[in-house]
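So the structure is just underneath, and the comments pick up after that.
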Amino acid sequence: MKAYQISAKQLVGLALLTAFFAGTVVVVYDKIGPALWGRWAGAKENEKNAAEAVIAEITDPSVAMDEKNNSEVYKAISPGVVNITSTNYVQSWFDVYPQEGSGSGSILDKEGHILTNYHVVQGQNGGYAQQLMVSLANGKNYKATPVGADPDNDIAIIKINAPAESLSLVPLGNSGELFVGKKVLAIGNPFGLERTLTTGVISGLARPLHSDITNRLIEGVIQTDAAINPGNSGGPLLDSRGRMIGINTMIYSPSGGSVGIGFAVPVDTAKRIIPDIIKLGYARKPSLGITAPLPVNQSIANQLRLPVEEGLMVSQVYEGGAADKAGIQGGNQPVRYQRQTFYLGGDIITAIDGQPMRVYDDLDRVINRKNIGDKVKVEVMRGEKKLSFDVTLTERPRPRG
Numbered sequence: 000m001k002a003y004q005i006s007a008k009q010l011v012g013l014a015l016l017t018a019f020f021a022g023t024v025v026v027v028y029d030k031i032g033p034a035l036w037g038r039w040a041g042a043k044e045n046e047k048n049a050a051e052a053v054i055a056e057i058t059d060p061s062v063a064m065d066e067k068n069n070s071e072v073y074k075a076i077s078p079g080v081v082n083i084t085s086t087n088y089v090q091s092w093f094d095v096y097p098q099e100g101s102g103s104g105s106i107l108d109k110e111g112h113i114l115t116n117y118h119v120v121q122g123q124n125g126g127y128a129q130q131l132m133v134s135l136a137n138g139k140n141y142k143a144t145p146v147g148a149d150p151d152n153d154i155a156i157i158k159i160n161a162p163a164e165s166l167s168l169v170p171l172g173n174s175g176e177l178f179v180g181k182k183v184l185a186i187g188n189p190f191g192l193e194r195t196l197t198t199g200v201i202s203g204l205a206r207p208l209h210s211d212i213t214n215r216l217i218e219g220v221i222q223t224d225a226a227i228n229p230g231n232s233g234g235p236l237l238d239s240r241g242r243m244i245g246i247n248t249m250i251y252s253p254s255g256g257s258v259g260i261g262f263a264v265p266v267d268t269a270k271r272i273i274p275d276i277i278k279l280g281y282a283r284k285p286s287l288g289i290t291a292p293l294p295v296n297q298s299i300a301n302q303l304r305l306p307v308e309e310g311l312m313v314s315q316v317y318e319g320g321a322a323d324k325a326g327i328q329g330g331n332q333p334v335r336y337q338r339q340t341f342y343l344g345g346d347i348i349t350a351i352d353g354q355p356m357r358v359y360d361d362l363d364r365v366i367n368r369k370n371i372g373d374k375v376k377v378e379v380m381r382g383e384k385k386l387s388f389d390v391t392l393t394e395r396p397r398p399r400g
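For reference, each letter of the sequence shown is one residue, going 0 to 400 in numbering that gives the first Met the number 0.
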């Protein structure tokens with residue numbers, strides 16, 4: 000490789016040339032540098048002012064209306080939300096030990112009636128827990144006594160004897176005019192953390208939900224994304240005016256915590272049965288007077304050579320009940336199906352008041368909307384004959400326990 004050599008004269012010339020250019024740069028910067036900097040800084044200041052103008056259009060969070068509403072509802076309603084602790088005593092091989100559960104409830108009146116979920120106050124083998132304690136917002140604790148319940152709708156009422164002036168009430172609203180997207184608030188005691196507020200919206204309406212206790216259909220269930228966790232059960236779901244529109248009852252959660260899908264029993268359902276529960280200890284309900292029927296599908300129809308592929312086969316009728324009085328007939332051939340005993344050969348109900356009957360929920364939906372004493376038109380198949388009966392609904396037998 001060829002090497003290049005620089006003489007001393009060339010080095011001196013290069014140094015002088017470098018010094019000349021450096022001085023030129025300094026002079027140029029002194030002349031135009033401040034102008035360039037000012038232009039850049041001014042542009043950034045304009046951007047800052049524009050950003051602040053955007054922020055100025057946003058309401059100061061300290062006085063935001065939504066937050067103010069949340070705070071006002073909480074201050075007004077949370078004193079009426081109670082913490083309920085249930086205790087059942089369990090017998091082991093060597094000892095008896097207490098098993099505790101917790102939930103929430105809403106004070107209904109100055110007499111001390113509290114609305115909650117039945118599963119919050121339920122006993123080990125049905126009935127009610129052996130001990131119920133209620134904690135008020137003022138820190139006072141009271142023993143509670145069960146008044147009554149409607150396990151089908153997971154609703155119960157308990158009562159405490161407390162001074163009327165210490166009881167704040169939760170007003171009952173209306174769940175008949177709700178809509179998806181409506182703001183809601185939930186107050187309860189998740190994981191024992193008393194009077195916790197969460198907010199959200201109604202994310203679904205008229206969800207089909209079944210009682211964990213009786214497996215019967217709870218109609219019109221409200222779905223919400225307001226965080227609901229264990230301990231919220233029985234507490235109120237509120238609208239932005241602080242009125243109860245639902246009773247928080249259940250969450251969908253593979254993990255056991257809130258994943259944004261909670262369910263509440265509509266308050267209109269509770270309002271219909273509260274007077275009965277307080278007066279009688281249970282909810283009076285209309286009944287067709289039959290035991291759980293066998294849903295008929297194509298497979299069953301083919302095996303039994305039935306005249307229709309959809310309907311509800313009457314297994315048994317209660318003697319003296321609505322169906323019995325009208326002339327509807329049950330079956331007489333006992334069989335085991337899905338761990339239940341049904342009696343084949345009975346009338347097949349195809350429609351009630353024009354509503355097709357395919358599954359048991361269809362029957363529940365129609366009858367639950369009626370009152371004791373109402374008449375319904377029941378269409379059946381008896382063999383190859385189509386028959387129609389006018390049935391006057393009677394009271395469902397009182398549940399035991």
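The beta carbon of each residue, even a glycine, is placed where N, CA and C say it ideally should be.
Quick caveat, the model's predicted, so the values are computed rather than measured.
Using a 10 angstroms sphere on the CB of SER314, the tally of other CB atoms reaches 16 or more, which defines it as buried.
CA-to-CA, the gap between THR197 and ALA321 works out to about 46 Å. Here ILE186 carries a strand assignment [DSSP, helix/strand/coil]. Contact between the segment 226–236 and the segment 97–110 is present, with at least three C-beta pairs closer than 8 Å. Secondary-structure assignment with DSSP links VAL316 through a beta bridge to ILE289. DSSP places SER202 inside the beta strand (DSSP E), whose first and last residues are 195–209. Between LEU311 and LEU392, the beta carbon gap of about 16 Å keeps them out of contact (Cβ cut-off 8 Å). Take the alpha-carbon of GLY261 and the one of VAL169: they are about 21 Å apart. Contact annotation: the segment 131–145 does not touch the segment 200–218, with fewer than three C-beta pairs closer than 8 Å. Contact check for ALA128 against THR86 passes: the beta carbons are separated by less than 9 Å. Judged by their CB atoms, LYS284 and ARG395 are nearer to each other than the 9 Å cut-off. C-alpha of GLY180 to C-alpha of ASN247: approximately 18 Å in a straight line.
Listed in chain order, the non-local C-beta contacts of ALA282 below 7 Å within the same chain comprise ASP149, ILE272, ASP275 and ILE276, local neighbours out to five positions each way being set aside.
Look at MET356 here: in three-state DSSP terms it is coil, with no helix or strand label. The distance from the Cβ of ILE83 to that of LEU131 is about 7 Å, consistent with a contact at the 8 Å cut-off. The C-alpha of ASN370 lies about 13 Å from the C-alpha of ARG364.
In this structure, the straight-line span from the alpha carbon of HIS118 to that of ASP153 is close to 6 Å. In the DSSP annotation of this structure, ILE154 is not part of any alpha helix (DSSP H); the continuous beta strand (DSSP E) holding it starts and ends at 154–159. For VAL307, the closest alpha carbon among the candidates TRP92, ASP352 and ILE347 is that of ILE347. Going by DSSP, ASN247 is part of the beta strand (DSSP E) stretching over 243–250.
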